[in-house]
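Numbering-wise (our numbering), the sequence shown opens with residue 919 and increments by one.
For each residue, glycine too, the CB sits at the ideal point set by N, CA and C.
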Amino acid sequence: MPKLLTKGSKALFFQKNRCQGCEMCVVVCPTGVLELSDEYNMRAARVPRVKHGKEVSCILCQRCEFACPNWAIYVVDEQPGEQKPAGQDVKGAARV
Ligand code: SF4
Ligand code: SF4
């Protein structure tokens, strides 16, 4: 999966072709990490990127994840056994 940045065991992922270029992730980021790039995806949408040198400013707050209408950008905890998105609630998962 494409990563925008990594911090400790967590990473910010971006699925480029899910993006519709709405810029919501850019607007809601409290630390100004993201900006729209000059790159277009398969949907002819301008996709976001991490501003040069701003990787360290990401606080993994998931606001971009919650704001994205297409779940194109999201935080994942990559610790072993934690391959799900960090904000995903598994309490309601069906038992087998
Ligand atoms: S996780 Fe939070 S700080 Fe990091 S890019 Fe998304 S909105 Fe910005
Ligand atoms: S909020 Fe989602 S769809 Fe909108 S620009 Fe950001 S990644 Fe793309």
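Separation of residue j from residue i, as counted between CA atoms
{"i": "Leu954", "j": "Glu996", "result": "26 Å"}
{"i": "Asn988", "j": "Leu922", "result": "17 Å"}
{"i": "Val994", "j": "Glu983", "result": "10 Å"}
{"i": "Gly999", "j": "Pro920", "result": "19 Å"}
{"i": "Glu957", "j": "Arg964", "result": "6 Å"}
{"i": "Glu973", "j": "Asn959", "result": "22 Å"}
{"i": "Val1014", "j": "Thr924", "result": "Any reading at Val1014 must be qualified, since the residue scores a pLDDT of 40, below 50, and its modelled position is unreliable; no value is offered."}
{"i": "Cys986", "j": "Arg967", "result": "14 Å"}
{"i": "Ile991", "j": "Cys979", "result": "12 Å"}
{"i": "Ala929", "j": "Cys976", "result": "10 Å"}
{"i": "Ala1012", "j": "Val951", "result": "In this predicted model, Ala1012 has a pLDDT of only 42, less than 50, meaning its place in the structure is not dependable; the value taken from the coordinates is given anyway. For Ala1012 and Val951, the distance between alpha carbons rounds to 37 Å."}
{"i": "Val945", "j": "His970", "result": "17 Å"}
{"i": "Gln938", "j": "Phe932", "result": "12 Å"}
{"i": "Gly926", "j": "Arg961", "result": "32 Å"}
Three-state secondary structure (DSSP) of residue i
{"i": "Ala985", "result": "helix"}
{"i": "Glu953", "result": "strand"}
{"i": "Lys925", "result": "strand"}
{"i": "Arg961", "result": "coil"}
Residues near residue i in its chain [Cβ-Cβ closer than 7 Å; skip 5 each side]
{"i": "Cys947", "result": "Arg981 and Cys982"}
{"i": "Glu941", "result": "Leu954"}
{"i": "Thr949", "result": "Ser975, Cys976 and Ile977"}
Check: residue i C-beta below 7 Å from any heavy atom of ligand 3
{"i": "Leu954", "result": "Ligands in the displayed structure: ligand 1 and ligand 2; ligand 3 is not one of them."}
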